[in-house]
Structure formats: C-alpha cells, structure tokens
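> So the protein sequences, as listed, match chains A and B.
Mapping to the working numbering: the first sequence position 43 is 43, numbers consecutive.
Mapping to the working numbering: the second sequence position 154 is 154, numbers consecutive.
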Amino acid sequence: MEPFKNLTSKVVPLDIANIDTDQIIPKQFLKLLGKTGYGEYLFFNWRYDKQGIPLKDFVLNSPVFSGRQILLTRENFGIGSSREHAVWALKDYGFKVILGVSFADIFYSNCSKNGVLVIKMDKNTIEDFFSSKINENFEIDLIQQQIKINSKVFDFDIDPTLKNYLVNGLDEISKTLELGNHIKKYEDKNKVSVKSESMI
Amino acid sequence: MAQTLYDKIWDNHVVYSDEGSDLSLLYIDRHYVHEVTSPQAFDGLRINERNVRRPDLTFATVDHNVPTTNRSLPIVDQISSLQIKALENNCKEFGIRLFDIHDKYQGIVHVIGPELGLTLPGSTIVCGDSHTSTHGAFGSLAFGIGTSEVEHVLATQCLWMKKSKNFEIVLNGGLKQNQAISSKDVILNIIRKIGTSGGSGSVIEYKGNYISSLTMEKRMTICNMSIEAGARAGLVAPDDITFEYLRGRVYSPKNELFDQQMDDWKNLRSDNGAQYDKTFSIDIDNLAPQVTWGTNPAMTIDVDSAIPSPDEYSKGNDDEKKSAIKALEYMNLKPGLPITDISVDRVFIGSCTNARLEDLIEASNAVKGKKVSSNVKAMVVPGSQQVKIAAEKLGLDKIFINAGFEWREPGCSMCLGMNPDILQAGERCASTSNRNFEGRQGTGGRTHLVSPLMAAAAAIAGKFVDVREWV
Ligand code: SF4
Chain A
1 MEPFKNLTSK VVPLDIANID TDQIIPKQFL KLLGKTGYGE YLFFNWRYDK QGIPLKDFVL
61 NSPVFSGRQI LLTRENFGIG SSREHAVWAL KDYGFKVILG VSFADIFYSN CSKNGVLVIK
121 MDKNTIEDFF SSKINENFEI DLIQQQIKIN SKVFDFDIDP TLKNYLVNGL DEISKTLELG
181 NHIKKYEDKN KVSVKSESMI
Chain B
1 MAQTLYDKIW DNHVVYSDEG SDLSLLYIDR HYVHEVTSPQ AFDGLRINER NVRRPDLTFA
61 TVDHNVPTTN RSLPIVDQIS SLQIKALENN CKEFGIRLFD IHDKYQGIVH VIGPELGLTL
121 PGSTIVCGDS HTSTHGAFGS LAFGIGTSEV EHVLATQCLW MKKSKNFEIV LNGGLKQNQA
181 ISSKDVILNI IRKIGTSGGS GSVIEYKGNY ISSLTMEKRM TICNMSIEAG ARAGLVAPDD
241 ITFEYLRGRV YSPKNELFDQ QMDDWKNLRS DNGAQYDKTF SIDIDNLAPQ VTWGTNPAMT
301 IDVDSAIPSP DEYSKGNDDE KKSAIKALEY MNLKPGLPIT DISVDRVFIG SCTNARLEDL
361 IEASNAVKGK KVSSNVKAMV VPGSQQVKIA AEKLGLDKIF INAGFEWREP GCSMCLGMNP
421 DILQAGERCA STSNRNFEGR QGTGGRTHLV SPLMAAAAAI AGKFVDVREW V
C-alpha cells in the first residue's frame with residue numbers, strides 16, 4: 001500500500017445521507033477482475049442518464065468540483081454490500097479522503113486497507129462544512145490528526161494502528177505473518193479442523 | 001465477570017492483542033468464498049508468492065453471477081463466465097473445495113454453509129459478502145468482509161478486528177401469533193424501528209421466547225438482515241433446535257464427536273447479568289405483515305396502512321426527510337396511498353434471506369390451485385440445489401409452475417441482478433430479498449421487500465394484499 005501523504009484540497013459536497021455501496025458502484029461493474037478502472041463508473045446511476053450522457057446537476061459532473069480529492073458527505077455512508085469495489089472506485093476517481101458523520105463498519109475497514117483516509121466528525125461540524133466551507137482549502141494532516149481550514153484547526157480521532165498503517169503504507173498481511181508463531185500455537189491448542197467429505 | 005455470548009466467542013478466538021490499539025487478531029474457523037469478491041484476493045496472493053494457509057477451512061461456491069436457467073447451456077455473459085472460470089482456476093491452484101455450477105451442493109453461499117453443516121456454533125465465519133451475518137443464527141460469530149480482508153484470511157486464517165459493542169434485542173410474545181406473520185416481518189419491523197444505522201458498531205444478540213420458538217430457517221432470516229440494521233453480525237444462542245438441525249449434516253461432526261461438541265455448545269449462552277451496551281425490545285403479538293415503500297429497508301410500513309409523508313417518516317430529521325422525498329420520487333409513490341392499492345409487475349421469491357425450503361413451502365400455500373395474475377411475471381429461485389431437490393420431492397415445483405411461476409436453478413439471481421435476472425426500468429417488484437436500494441434489482445427497478453407468503457400472494461392478486469385475510 002502507498003503511504004498516505006498529507007494533502008490540501010477543496011471538497012466535493014455530496015449532500016445525501018445513507019448512501020449505499022450499490023449507488024457508489026452499481027453491480028454491473030463488479031465483474032472486472034482487477035482493482036483499477038472503476039473510477040469512470042463511480043456513482044454511475046446518478047452521474048449519467050440512460051443514454052450515458054452526464055447529468056448536469058450531479059456534483060461530480062460540475063467543472064467547479066473537478067480534481068478535488070476530498071469527498072464530503074453526511075451520515076451513514078457506505079452502507080449495504082461489502083463490495084470493496086466501492087472503495088476502488090472512489091480511489092480510482094481520485095478521492096483520497098472521505099469526510100462525514102458516520103460510516104458503515106465494513107466500508108470503513110475497506111477504506112483503510114486501500115490507503116483511503118476516512119474522517120468522522122460530529123454532525124454540527126459537517127453541517128458547518130456544507131454550509132460555509134465548500135470552497136475553502138482543507139489541509140489534511142494525518143500525523144497531527146488535524147484539518148486546517150483558513151488557519152482554523154479541527155482535530156479528528158483515528159485508531160493508532162490504522163494510522164500507523166496509513167502513514168507508513170504498511171502491508172498488513174506481512175505484519176500478520178510475522179505473528180506466525182502465535183497463529184501456530186493457537187491452531188495446535190484448538191485443533192482447528194474440518195473432516196473432508198472423503199473421510200465422512 | 002458475566003459475559004455475553006459475543007464476548008465468549010471473541011475471547012475463544014483471540015490469537016494476539018495489539019498493545020496500544022483496539023485491534024485483536026482473531027482466528028477464523030470457516031472462510032466461505034464466491035466468484036465476485038475473490039479474484040483480486042487470489043491475485044494478491046500470487047503477486048506476493050503467498051499460499052492459502054488453511055485450504056481445508058476454506059469453501060467456495062458460485063452464486064452471485066450464475067445464470068438460473070438451464071445449466072447444460074453455456075453461459076452467455078462472457079464477463080460472468082470469466083469470473084466463474086477464475087474461481088475454478090483459483091480453487092484448483094490453491095487446493096480449495098469448490099461447489100461448482102454442476103455440483104449437487106451448489107447454492108447461495110449463506111444457504112449452503114448451514115445446510116452442509118459447515119456452520120457450527122461457537123465458530124468464527126467470514127465471507128466477502130455482507131449477509132454472512134446469516135450464520136449467526138447458529139451462535140457463530142459471522143460477518144462480511146471486503147476483498148483485502150479475504151486476501152488476509154486466505155494468507156493467514158486470521159483477521160484484525162476491533163471488538164464491537166453488545167446490542168441485545170429481546171423478542172417477546174408471538175407464540176399464539178397469526179400464521180401469516182413470518183420472521184421476515186419481524187426483522188423488517190425491527191429495522192423500521194431502530195433504523196439502518198441502529199446497529200452500527202454492534203453485534204446484535206436476539207433473545208426472548210419468540211426467537212427460541214423459531215426453526216433454524218426462520219432464525220437465519222432474522223440474522224441475515226442484521227446487516228440492514230447496520231450491525232456487522234447477529235447472534236442467537238444455540239439450543240436443541242440448533243443441535244437437531246446440525247446432526248447428520250454432510251460436514252457436521254459425527255456420532256460421539258457430535259455429542260462431545262454439543263456439550264461444549266451448550267455453554268454458548270450469555271451469562272446472567274451480562275452487560276449490554278444497548279437494549280431494545282419488541283412485542284411480536286399484533287404485528288402486521290410488513291412492506292417496504294422506499295429505498296432503504298427502514299422505510300417500511302404495515303400492509304394495512306398507507307405510504308407515509310416525508311414528515312411523518314422523518315420525525316424532524318432533515319437528512320431523513322430528504323432521503324424520503326428522494327425515495328418517493330424514485331419509487332413513484334405518493335403519501336397517503338394505501339399499500340394494498342399498489343400493483344406489482346414482477347415477483348421474486350429467492351435470495352439468502354428467503355429461499356430455503358420452509359420459505360418455499362410457505363409461499364406455495366398462497367399459490368396452490370391459483371393462477372398468477374396476468375399482469376405479473378413471477379419466479380422462484382431456490383437457495384441451493386439441495387433446497388431445489390427437497391422442494392421437488394414435495395411437489396412444490398409443480399404447484400408453482402402450474403400457477404404460472406418460473407422455477408429456476410439456484411443462485412443470487414434477482415437479489416442483486418448480476419446475472420440476466422433483472423428488473424426493467426420502472427418495473428415494480430415484490431421481492432423476498434433483503435435490499436431495496438435504488439437500482440439494486442436493475443437500473444430504475446422498484447423493489448418492495450416482503451415475506452415469502454406476501455410475495456406469493458402479491459403474484460396471485462397482482463397487487464399487495466393483507467395475507468392475514470388469506471390464511
Ligand atoms: S442472495 Fe443477495 S444478499 Fe444473499 S449473498 Fe446473494 S447477492 Fe448477497
């Protein structure tokens with residue numbers, strides 16, 4: 001995984017609550033075998049009409065917001081299907097940070113595995129961002145756990161282990177494999193097994 | 001200290017705790033794999049020259065993409081076919097048991113795990129699919145994971161997890177309740193009351209005399225939709241009904257071993273005085289059949305009432321009000337319209353929520369000797385080959401076919417429409433599945449979630465009916 005670098009960007013305001021992963025990436029695009037190439041299908045059903053023409057009033061289609069790397073959303077983002085394709089699509093499109101009030105558990109952990117930083121903030125702060133900070137620069141500093149907007153500082157929380165993985169771009173699987181002794185010990189003690197059909 | 005069932009299963013599976021962090025490394029007893037969320041994980045293994053640590057604890061099937069039509073014909077959709085082929089190759093390369101498209105045990109991953117006796121009490125189970133929560137009905141800690149986690153489990157048989165909160169839902173009453181009310185109505189009603197984020201960050205344990213009175217199949221329907229309430233997992237303490245269900249299944253422990261394990265399983269219940277972070281209770285008596293009217297499963301109402309206005313629904317929450325307005329527009333419905341005035345174009349009886357044998361039996365009760373309304377296209381997609389075979393033994397296929405239903409081969413089918421079974425834009429469907437999100441069953445399609453009996457009755461009547469008047 002690539003390390004997460006601090007960044008400064010304006011936000012793309014997606015002012016809808018309870019956005020599910022079926023909207024983020026509809027199922028017809030889950031048939032690819034790789035992790036890239038999903039960006040053009042992000043929010044497909046909201047972004048294009050039946051003929052595939054971009055819908056003018058959807059935020060991602062507005063030139064004002066193009067190139068921005070932070071997605072600002074509301075409550076309960078990423079609910080529903082566990083498809084990691086939703087994160088691959090957001091990342092492939094260019095989002096590095098998702099900012100909102102609350103996130104579905106599986107979506108949150110999927111983001112952290114792909115170097116996408118998810119920041120939870122309280123409802124009033126998010127409301128303030130939507131109503132008065134859409135065109136401000138957000139300076140995201142993961143090490144300090146801070147967002148700076150016009151010299152005003154907002155702190156955020158993140159699990160220290162997740163932060164370490166993001167900051168250093170660590171590969172979680174190799175870290176776990178270093179604990180091989182512990183895993184082996186557990187398996188020996190608990191005799192984990194399933195008899196195969198041929199033995200039944 | 002008094003522990004909950006979740007605490008106990010958790011403690012039994014901690015391999016390592018990371019100091020200074022909330023994360024623990026948990027051992028995974030069963031890993032179920034399907035064709036859509038696994039190809040990138042196997043690629044990751046190959047790129048890093050890693051192996052599958054425990055192929056013997058890993059089981060794969062094809063369900064999401066597979067056509068539900070005649071299996072002797074080639075698959076028309078080239079990309080689906082590629083994904084199915086990729087899974088076959090990956091399972092061969094890494095030595096994983098695959099229940100492929102021609103296997104007598106093929107089916108929806110959450111239907112076959114329990115059916116084969118792979119899902120056992122007290123175990124930890126993961127799958128790259130959010131409805132893995134289904135298996136919690138057996139008192140196993142079961143949850144959906146993303147593809148990176150699939151790769152992690154393949155490589156290490158473990159997963160880093162943060163412990164969730166304990167959420168207790170007590171279901172009382174219901175013992176003398178109307179035959180027309182099913183556990184699907186119960187879980188829809190719970191989601192309606194606690195909301196789609198009501199269970200966020202928690203594992204829900206279902207308790208109370210209603211849940212203990214239910215068969216395993218009905219408990220699975222409830223645990224299945226725990227994810228729709230935002231919870232990562234649902235749990236029911238195992239009991240005699242659980243043990244009898246498991247005895248003699250293909251992979252269940254055999255004979256004395258089963259009895260020995262059963263003695264351990266009997267301890268899998270929350271201690272008296274165990275603390276929960278959250279509690280909710282619900283009375284099942286007097287519950288009406290439930291129907292969703294909007295685009296998330298909390299947008300649910302009694303069949304004998306009318307579509308609510310956005311204000312009634314949102315009770316002062318602005319975000320929810322906006323969601324309701326958007327949902328009504330998408331669903332093309334107006335506040336005040338009685339549910340029983342809504343006609344349907346399609347009926348889908350299927351999915352890991354409601355495509356087990358009992359579901360099909362219940363649905364057939366509304367169908368026997370009747371005809372599907374001439375305006376409706378209806379289909380039944382059994383959850384697995386085993387369900388299909390058992391249903392055919394009972395003659396259910398004939399009942400459905402004679403009434404005008406299509407009787408299909410097992411798979412996820414129109415639950416998510418990755419195969420050719422989809423709604424056309426504007427079509428309205430009574431569906432026994434679990435998600436009514438925009439476009440879930442096909443772009444522009446409109447989904448109403450209901451129980452199998454309600455769906456079957458809607459097929460006959462051509463509109464929603466109050467099934468309490470039917471049985
Ligand atoms: S039936 Fe639907 S919910 Fe169940 S596993 Fe298949 S796609 Fe997922």
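Heads up, the beta-carbon is just placed ideally off N, CA and C, and yes, glycines get one too.
Just to confirm, is the Cβ distance from Glu320/B to Tyr330/B under 9 Å?
no
> Sorted by chain position, which residues of the same chain lie with C-beta nearer than 8 Å to Glu197/A's C-beta, five sequence neighbours on each side aside?
With a pLDDT of 48 at Glu197/A, under the threshold of 50, the predicted position of this residue should be treated as unreliable, though the coordinate-derived value follows. Same-chain partners within the cutoff: there are none.
> Is there at least one Cβ from chain B nearer than 9 Å to Arg74/A's Cβ?
yes
> So does Ser170/B have its beta carbon nearer than 8 Å to some heavy atom of the ligand SF4?
Just to set this straight, residue 170/B is Val in the shown sequence, not Ser. Not so, every heavy atom of the ligand SF4 lies at least 8 Å from the Cβ.
> Three or more beta-carbon pairs under 8 Å between the stretch 333-341 of chain B and the stretch 303-317 of chain B, yes or no?
yes
> Let's test the definition: count the other Cβ atoms within 10 Å of the Cβ of Thr4/B and tell me whether it reaches 16, buried, or not, exposed.
Flag for Thr4/B reads buried.
> What separation, rounded to the nearest whole angstrom, lies between the Cα atoms of Ala366/B and Leu449/B?
17 Å
> Which residues share a DSSP beta bridge with Arg346/B?
Paired residue(s): Lys377/B, Cys429/B.
> Taking 8 Å as the cut-off, is the CB of Ile108/B close to at least one heavy atom of the ligand SF4?
yes
> Using a Cβ cut-off of 7 Å, which residues of the stretch 79-92 of chain A contact any Cβ in chain B, in chain order?
Ile79, Gly80, Ser81, Ser82, Arg83, Glu84
> Can you tell me whether DSSP reads Phe138/A as helix, strand or coil?
strand
> So does Leu416/B have its beta carbon nearer than 8 Å to some heavy atom of the ligand SF4?
yes
> Does the stretch 147-160 of chain A come close enough to the stretch 118-138 of chain B to have 3 or more Cβ pairs within less than 8 Å?
no
> In terms of residues, what are the limits of the beta strand (DSSP E) holding Ser24/B?
Looking at the DSSP string, the run of the beta strand (DSSP E) that includes Ser24/B is 23-27.
> Which of the three DSSP states is assigned to Trp265/B in this structure?
helix
> For Asp421/B, write down the residues that DSSP places opposite it in a beta bridge.
For Asp421/B, which the question treats as bridged, DSSP gives no partner whatsoever.
> Establish whether the CB of Asp129/B and some CB of chain A are separated by less than 9 Å.
Contacts with chain A at 9 Å (Cβ-Cβ) include Asp129/B.
> Does the beta carbon of Pro308/B come closer than 9 Å to any beta carbon on chain A?
no
> Could you spell out the range, first to last residue, of the alpha helix (DSSP H) harbouring Asn45/A?
First-last of the alpha helix (DSSP H) with Asn45/A: 44-47.
> Cβ of Leu487/B less than 9 Å from any chain A Cβ?
One cannot answer for residue 487/B here, as it falls past the ends of chain B, which runs 1 to 471.
> By a C-beta neighbour count over all protein chains shown, 10 Å radius and 16 as the cutoff for buried, is Pro74/B buried or exposed?
Answer is exposed; the Cβ neighbour count stays below 16.
> For the alpha helix (DSSP H) that contains Glu312/B, what are its first and last residues?
Taken as a continuous stretch (DSSP letters only), the alpha helix (DSSP H) holding Glu312/B covers 310-314.
> In chain order, what residues of the same chain lie with their CB nearer than 8 Å to the CB of Ile24/A, ignoring the 5 residues before and after it?
Leu42, Phe43, Gly78, Ala86, Ala89, Leu90
> Of the residues Ser112/A, Lys113/A, Ile98/A, Glu172/A, which one's Cα is nearest the Cα of Ile140/A?
Ile98/A
> Helix, strand or coil for Ile508/B per DSSP?
With chain B running from 1 to 471 in the structure shown, residue 508/B is simply not present.
> Under the criterion of a Cβ to heavy atom distance below 8 Å, does Gly444/B qualify as lining the ligand SF4?
no
> When you compare only the Cα positions, how much space is there between Ile134/A and Val12/A?
7 Å
> Which complete alpha helix (DSSP H) runs does the stretch 69-155 of chain B hold, if anything under 4 residues is left out?
78-94, 109-115
> Strictly by DSSP, which residues pair up with Asn172/B?
Asp283/B
> Going by the beta-carbon positions, is the gap between Arg246/B and Gly117/B smaller than 9 Å?
Residue identity check: residue 246/B is Leu in the sequence provided, not Arg. For Leu246/B and Gly117/B, yes; Cβs fall inside 9 Å.
> Which residues, taken in chain order from the stretch 437-452 of chain B, show a beta carbon closer than 7 Å to some beta carbon of chain A?
Phe437, Glu438, Gly439, Arg440, Thr443
> For the ligand SF4, any of its heavy atoms closer than 8 Å to the Cβ of Arg232/B?
no
> Just to make sure I have the definition right: I need the residues of chain A whose C-beta is within less than 7 Å of the C-beta of Leu416/B. Which are they?
Lys27
> Taking 8 Å as the cut-off, does the CB of His64/B come closer than this to any heavy atom belonging to the ligand SF4?
yes
> Can you give the Cα-Cα distance for Arg74/A and Asp15/A, rounded to whole angstroms?
6 Å
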